[in-house]
Amino acid sequence: MPNGSLDALLFSKTPDSKPLSWDQRYNIISRVASALNYLHNEYDQKVVHRDLKAGNIMLDFDFNARLGDFGLARALDKEKTSYSEVKGVAGTLGYIALECFLTGKATQQSDVYAFGVVLLEIVCGLRTGTRIGEFCFLVNWVWSLHREGHILDAVEERIGDECVVEEAKKVLILALACCHPIASGRLRTQAIVHIISDSKIMTDFGLPIALDEEKILSPEAGGVAGTLGHVVPECFLTGKATKQPDVYAFGVVLWEIVCRL
Numbered sequence: 121m122p123n124g125s126l127d128a129l130l131f132s133k134t135p136d137s138k139p140l141s142w143d144q145r146y147n148i149i150s151r152v153a154s155a156l157n158y159l160h161n162e163y164d165q166k167v168v169h170r171d172l173k174a175g176n177i178m179l180d181f182d183f184n185a186r187l188g189d190f191g192l193a194r195a196l197d198k199e200k201t202s203y204s205e206v207k208g209v210a211g212t213l214g215y216i217a218l219e220c221f222l223t224g225k226a227t228q229q230s231d232v233y234a235f236g237v238v239l240l241e242i243v244c245g246l247r248t249g250t251r252i253g254e255f256c257f258l259v260n261w262v263w264s265l266h267r268e269g270h271i272l273d274a275v276e277e278r279i280g281d282e283c284v285v286e287e288a289k290k291v292l293i294l295a296l297a298c299c300h301p302i303a304s305g306r307l308r309t310q311a312i313v314h315i316i317s318d319s320k321i322m323t324d325f326g327l328p329i330a331l332d333e334e335k336i337l338s339p340e341a342g343g344v345a346g347t348l349g350h351v352v353p354e355c356f357l358t359g360k361a362t363k364q365p366d367v368y369a370f371g372v373v374l375w376e377i378v379c380r381l
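The numbering of the sequence shown is the working numbering, which starts it at 121 and goes up by one.
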């Protein structure tokens, strides 16, 4: 494709690189949403992409987005809602929904989570794994800004005056709704397409209540601590330890004792 991948163009910060305009970004968002909706609802079979990320979105001469790299994509059997493989979780860390680490299954909801992460990258101009202060992942930082009422501070400065403030706010809130920590709470792709295409829609899309900060301990600079299999899924996203993950690990130990595995 003439303009390469969204990843290469979005995160290029060389002196001669020109940032994507807001209109280009919004058009990319709209086209990727339509492509994902096609896979989930309009193709002959329901398909889960399993590796939706900026590096797998290609841009043509006019910066129109094309969703690519279907190497991990799988068609769902009739009446099935998920796909799993014995070898474990497929995808790219930072785009994988929390529940996938626990269930090992890919669903339409996990695709929606990855789409939400891509939205944040497009608006913020930062990679999903960017460390910002105490936050290990971009999504946590934006959640914090939303909780504090400063979500527009996440918009990339290079967009400048071209940014349509109401659209930017809508996309950021939409991204958080797509990254809802509970899979069943995420939006369906039909709703996502409708929200993006309708300029009159401005709402919080049923975002969950902010986390109780008193229950969260400080994250470790080195990332997630613990032993894989005993680490509760949300730790991969937050990088933080709480009392709940300790209880989760205790439960795993009980299963090991009872099952002798």
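Virtual Cβ for every residue (Gly too), placed ideally from N, Cα, C. The model shown is predicted, which means the values in this text are computed figures rather than measured ones.
Subject >> Where the alpha helix (DSSP H) containing A217 begins and where it ends >> reply: It is not in any alpha helix (DSSP H) - A217 carries neither H nor E in the DSSP assignment.
Original post:
Taking all protein chains shown into account, do 16 or more other C-beta atoms lie within 10 angstroms of the C-beta of L222, making it buried, or fewer, making it exposed?
Top reply: exposed
Original post:
Taking the alpha helix (DSSP H) that K225 falls in, what are its first and last residues?
Top reply: From DSSP, K225 is part of no alpha helix (DSSP H) but of the beta strand (DSSP E) over 225-227.
Original post:
Hey, how far is the Cα of E254 from the Cα of G269?
Top reply: Between E254 and G269, the alpha-carbon positions lie close to 18 Å from each other.
Subject >> Where I321 falls, given that 16 or more other Cβ within 10 Å makes a residue buried >> reply: exposed
Subject >> Three-state class that DSSP yields for V232 in the structure shown >> reply: helix
Original post:
What residues are listed by DSSP as bridge partners for M322?
Top reply: None, per the DSSP bridge assignment.
Original post:
How many Å lie between S137 and G124 at the Cα?
Top reply: 14 Å
Original post:
In or out: C256 buried (at least 16 other Cβ within 10 Å) or exposed?
Top reply: buried
Original post:
With C-beta atoms as the reference, is I316 less than 9 Å away from S150?
Top reply: yes
**OP:** Just confirm the distance between the C-beta atoms of V232 and L196, as a whole number of angstroms; I'd bet it's less than 8 Å.
**Re:** Rounded, the Cβ-Cβ distance is 15 Å, inconsistent with contact.
**OP:** Report back the beta-carbon spacing between L258 and E241 to the nearest angstrom; my notes put them in contact at under 8 Å.
**Re:** 7 Å
Original post:
Quick one: Cα of Y406 to Cα of S141, how far?
Top reply: There is simply no residue 406 to check, as the chain begins at 121 and stops at 381 in what is shown.
Subject >> Contact under 9 Å by Cβ, V209 with G224 >> reply: Taking a C-beta distance under 9 Å as the contact criterion, V209 and G224 qualify as a contact pair.
Original post:
Going by the beta-carbon positions, is the gap between Q229 and S304 smaller than 9 Å?
Top reply: Inclusion of Q229 and S304 in the CB contact set at 9 Å is warranted, their separation being smaller than that value.
**OP:** Consult DSSP for L156 and reduce its assignment to one of helix, strand or coil.
**Re:** helix
Subject >> Distance, E287 Cα to L265 Cα >> reply: 17 Å
Original post:
How is I316 classed by DSSP in three states: helix, strand or coil?
Top reply: helix
Original post:
Do K289 and V237 come within 9 Å of each other at the CB atom, strictly closer than that value?
Top reply: Contact flag unset, no.
Subject >> For L187, the three-state DSSP class (helix, strand or coil) >> reply: In the structure shown, L187 sits in a strand (DSSP, three-state: E or B).
**OP:** With a 10 Å radius around its C-beta and 16 neighbouring C-beta atoms as the bar for buried, classify V206 as buried or exposed.
**Re:** Caution is warranted here: a pLDDT of 49 is assigned to V206, below 50, making its placement in the model unreliable, and no coordinate value can be reported.
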